[in-house]
Amino acid sequence: MAFNPDDIEYKKLHFVNGEFRSDKDSSFDYIRPSDQKKLDSIPNASKDLVDETVEHAQQAFQKSDWSNLKPRQRAKLLFKWADLIEKDVDYLSKIEAMNSTRLISETSQGDVFATADTIRYFAEWADKIEGQTTASSPNVLSLTIKEPYGVVLGITPWNFPIVQVAWKAAPALAAGNSVIIKPSEYTPLSIFRIAELSIKAGIPKGIFNYLLGEGSVTGSYLVNHPGIGKIAFTGSSATGSKIMADSALTGLKPVHLELGGKSPQVVFDDIQNIDETVSKIAAGIYLNSGQICTSGTRLIAHKKIADELVEKLIKIGSQKLPGVTWEDKTSLPPIVSKKQAERIEVLISKSVEMGAKVISGGSWHDTNYGGYFYKPTLIENVTQEMPVFKEEVFGPVINIDTFDDDNEAILKANHPTYGLAACVHTSNLNKAINLSKKIDSGMIWVNHWGYPDEFSHPAGGFKRSGIGKDMGSNGINEYYKEKAIWIPH
Ligand code: NAD
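The structure is reproduced here in structure tokens:
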């Protein structure tokens, strides 16, 4: 599947009411992560275009048949959209790899299919949403019905661009809302194809829209717009907090937030197959070069097996091949941007100054590609005051810690501020259940790392890791408001 990125055509346009639009306002540079080549100047959607888009999305919500369509009919159009996306795998997987840090070997086997299947999963929910009848006097009918919000704003990060569009747009559309997506300014190029295919599938104009732009410009105009009915956000905890505060001040719009994490991988000495466990731990920290919200960034290993685990983890890391996303052989993708690369350096060097010890990696691969490729890195002697403990590094960097007994493992697994995901590796069912209950994280994975390919699994975190859930029945319910009706008769 290797390809030449310069052969890939793309549109740097917004998509409003079924049409691609340019804008003459300010712009930002799009820099390709793999080679740091400035590919283009992309327009920030202006305040006027934001106003116009919200107006179109509101009109489409009220006047198109989308929210009034029989739910099964909405589902059929969403299925068609998913089929078209899947059929387009050859092109979509290339533009996604060119656009982002995602490897062509992964976009062509995973991301495009995950995007289509997410849409299918939520399409299946369209006619399965139920209200309730509530206890009432004999001469009263009291019930609740669920209704879409109107215009949903989905703001997405750069690490899984098209998958994230589906995570936000599919449940919102299945519930009957219209949608405006604001993709990350770091990965703005693949969404146009998803939009084209929505129209081809028969989704009415104005129901699926997107606006390109920087968060502080276009993102902020959108969040503060009074016409937005609900905000679904995935990104960093700092931006999530700002969006929640802004939305509270401009209409108390409901928000649900999928944010960052500092997820532990707890390993007991009773694991059956150490190589299998290490390969799961390695996937948890090296996939997408650690640029995943659920990356397992803290290894907490039983003292008896810690040395062996570390040795094997270093070996797997040393075999990762840095390279551009469009080559098949690459297994260590680039860090998304210069800014993010500099951030990694600062977090690690400050922690080292405070006493942390880098036992492997801790520097950049020397390549001719132009992108930033951080070596898989293991750090010991980490304390809770250090930046590598307190912050998401968003690189292939794992802190190493050990424990003697279950209580110590639980204490160390619980992070003071984050609570997104946690892995527990053990062959003892009692330990697995005990830790699953006592670790304060939104997702616990036993003998496994990573969001499973079962979309019924609710995804989301506690504390600074977020509010609400994507996916599963919780995921679809985020896109409805519930109305209580009381009818005396
Ligand atoms: P980010 O917070 O910088 O940006 C996310 C999005 O928010 C982008 O589209 C950006 O343009 C927009 N934005 C920024 N400021 C804004 C503002 N003031 N108003 C409106 N929009 C604004 O995050 P990122 O660097 O793109 O993504 C990485 C982060 O996302 C990491 O922290 C990661 O953990 C998190 N993430 C979480 C999940 C999850 O499901 N919990 C999944 C993927 C990524």
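Here numbering that gives the first Met the number 0 is used: position 443 in the sequence shown is 442, and no number is missing along the way. Note that beta-carbon positions come from the ideal geometry of N, C-alpha and C, so glycine has one too.
Fill in: Cβ-Cβ separation, S455 to G471 (assumed contact under 8 Å), whole Å
Taking the sequence shown and counting its residues from 1, the one referred to as residue 471 is at position 472. Taking the sequence shown and counting its residues from 1, the one referred to as residue 455 is at position 456. About 5 Å; that satisfies the 8 Å criterion.
Worksheet item: Looking at C-alpha atoms only, which residue of Q264, P70, A408 and S246 is the closest neighbour of P170?
Response: Within the sequence shown, the letter at position 171 stands for residue 170. P170 has its Cα closest to that of P70, out of Q264, P70, A408 and S246.
Fill in: Y285, enclosing beta strand (DSSP E) - first and last residue
One-based indexing of the sequence shown puts residue 285 at position 286. Careful: Y285 lies outside any beta strand (DSSP E), inside the alpha helix (DSSP H) at I273 to Y285.
Worksheet entry | Collapsed DSSP secondary structure at D34 in the structure displayed | Residue numbering aside, residue 34 sits at position 35 when the sequence shown is read from its first letter. Coil.
Worksheet item: Do the region 42-56 and the region 215-235 meet, that is, are 3 or more Cβ pairs less than 8 Å apart?
Response: yes
Worksheet item: Which first and last residues belong to the beta strand (DSSP E) in which Q264 is found?
Response: Locating residue 264 in the sequence shown gives position 265, where the first residue counts as 1. Residue range P263 to V266 is occupied by the beta strand (DSSP E) that includes Q264.
Practice prompt. Tell me whether the beta-carbon of G394 lies closer than 7 Å to the beta-carbon of I343.
Written response: Here the question's residue 394 lines up with position 395 in the sequence shown. Here the question's residue 343 lines up with position 344 in the sequence shown. Result yes, Cβ atoms of G394 and I343 sit closer than 7 Å.
Worksheet item: Closest by CA to V88, which one among D39, A134, L196 and W166?
Response: Taking the sequence shown and counting its residues from 1, one reaches residue 88 at position 89. Selected option, being the one with the closest Cα: L196.
Worksheet entry | Continuous beta strand (DSSP E) stretch holding V150: start and end | On the sequence shown, position 151 is the one that residue 150 refers to. Note, V150: beta strand (DSSP E), V150 to I154.
Practice prompt. Compare the Cα-Cα distances from P182 to each of H364, A81, E95 and G205 and report the closest residue.
Written response: Residue numbering aside, residue 182 sits at position 183 when the sequence shown is read from its first letter. The shortest Cα separation from P182 among H364, A81, E95 and G205 belongs to E95.
Worksheet entry | Check: S240 C-beta below 6 Å from any heavy atom of the ligand NAD | As a working mapping, residue 240 is identified with position 241 in the sequence shown. The answer is no for S240.
Practice prompt. Say yes only if the C-beta of I198 is nearer than 6 Å to one or more non-hydrogen atoms of the ligand NAD, and no if none qualify.
Written response: Translated into the one-based positions of the sequence shown, residue 198 becomes position 199. The answer is no for I198.
Worksheet item: So, helix, strand or coil for T114, using DSSP?
Response: Within the sequence shown, numbered from 1, the residue matching residue 114 stands at position 115. Helix at T114.
Worksheet item: Counting only runs that start and end within the region 1-31, where is the beta strand (DSSP E) found for 3 or more residues in a row?
Response: 13-15, 18-20 and 26-31
Worksheet item: Which residues mark the beginning and the end of the alpha helix (DSSP H) in which P170 is found?
Response: The residue you call residue 170 lines up with position 171 of the sequence shown. That run of the alpha helix (DSSP H) goes P160 to A173.
Practice prompt. Verify the contact flag: G158, CB atom, against every heavy atom of the ligand NAD, threshold strictly below 6 Å.
Written response: Walking along the sequence shown from the start, residue 158 turns up at place 159. Checking the sequence shown, residue 158 turns out to be Asn, not Gly. Yes, the ligand NAD has a heavy atom inside 6 Å of this Cβ.
Worksheet item: Across which residues does DSSP place D400 in a beta bridge pair?
Response: Here the question's residue 400 lines up with position 401 in the sequence shown. Partner(s): I299.
Worksheet item: From H364 to K319, what distance separates their C-alpha atoms?
Response: Start at 1 with the first residue of the sequence shown, and residue 364 comes out as number 365. Start at 1 with the first residue of the sequence shown, and residue 319 comes out as number 320. Rounded to whole angstroms, H364 to K319 spans 11 Å at the Cα level.
Practice prompt. Look at P333 and P32 and say whether their C-beta atoms are less than 7 Å apart.
Written response: Along the sequence shown, one-based indexing puts residue 333 at 334. Along the sequence shown, one-based indexing puts residue 32 at 33. Cβ distance < 7 Å, so P333 and P32 count as in contact.
Item to complete: Run the proximity test for V178: is its beta-carbon closer than 6 Å to any non-hydrogen atom belonging to the ligand NAD?
Response: The count along the sequence shown starts at 1 and reaches residue 178 at position 179. Checking every heavy atom of the ligand NAD against the Cβ of V178, none is found closer than 6 Å.
Discussion item. In the DSSP output, what is Y417 paired with across the bridge?
Written reply: Working through the sequence shown from its first residue, we reach residue 417 at position 418. For Y417, which the question treats as bridged, DSSP gives the partners K462.
Practice prompt. Report, in whole angstroms, the separation of the C-beta atoms of K252 and G228, which I expect to be a contact under 8 Å.
Written response: Counted from its first residue, the sequence shown places residue 252 at position 253. Counted from its first residue, the sequence shown places residue 228 at position 229. Indeed, because the Cβ distance is near 7 Å, the residues count as touching under 8 Å.
Practice prompt. Using 10 angstroms around the beta-carbon of N398, count the other beta-carbons present and answer buried if the total reaches 16, otherwise exposed.
Written response: Here residue 398 is taken as the residue at index 399 of the sequence shown, counted from 1. N398 should be labelled buried.
Worksheet item: Unbroken beta strand (DSSP E) runs of length 3 or more, entirely within the region 198-276: which are they?
Response: 207-209, 229-233, 254-257 and 263-266
Discussion item. According to DSSP, L142 sits in a beta bridge with which residue or residues?
Written reply: Here the question's residue 142 lines up with position 143 in the sequence shown. Its beta-bridge partners are T132 and I484.
Worksheet item: What's the call for I41, buried or exposed, on a 16-neighbour Cβ count within 10 Å?
Response: In the sequence shown, counting from the first residue as 1, residue 41 sits at position 42. By the neighbour-count rule (16 or more Cβ atoms within 10 Å), I41 is buried.
Practice prompt. Starting from the C-beta of I242, find all residues in its chain whose C-beta is less than 6 Å away, skip the five residues before and the five after it, and write them out in chain order.
Written response: Position 243 of the sequence shown holds residue 242. Here the set comprises V222 and F232.
Worksheet item: Are three or more beta carbon pairs between the region 56-63 and the region 146-153 nearer than 8 Å?
Response: yes
Worksheet entry | G322 versus K62 - alpha carbon distance | The residue labelled residue 322 in the question sits at position 323 within the sequence shown. The residue labelled residue 62 in the question sits at position 63 within the sequence shown. Computed Cα separation, rounded: 49 Å.
Discussion item. Contact defined as beta carbons within less than 8 Å: I believe P225 pairs with A421. What is the distance between those atoms, to the nearest angstrom?
Written reply: Along the sequence shown, one-based indexing puts residue 225 at 226. Along the sequence shown, one-based indexing puts residue 421 at 422. Not quite, the Cβ-Cβ distance comes to about 39 Å (not below 8 Å), so this is no contact.
Worksheet item: Can you tell me whether D306 is buried or exposed, with buried defined as 16 or more other CB within 10 angstroms of its CB?
Response: As a first step, residue 306 is located in the sequence shown; it is residue number 307 there, counting from the start. Exposed.
Worksheet entry | Residues sharing a beta bridge with L331, DSSP | Taking the first residue of the sequence shown as position 1, residue 331 is located at position 332. P321.
Worksheet item: Quick one: is the Cβ of E391 within less than 6 Å of any heavy atom of the ligand NAD?
Response: Numbered from its first residue, the sequence shown carries residue 391 at position 392. Yes, the beta carbon of E391 sits closer than 6 Å to at least one heavy atom of the ligand NAD.
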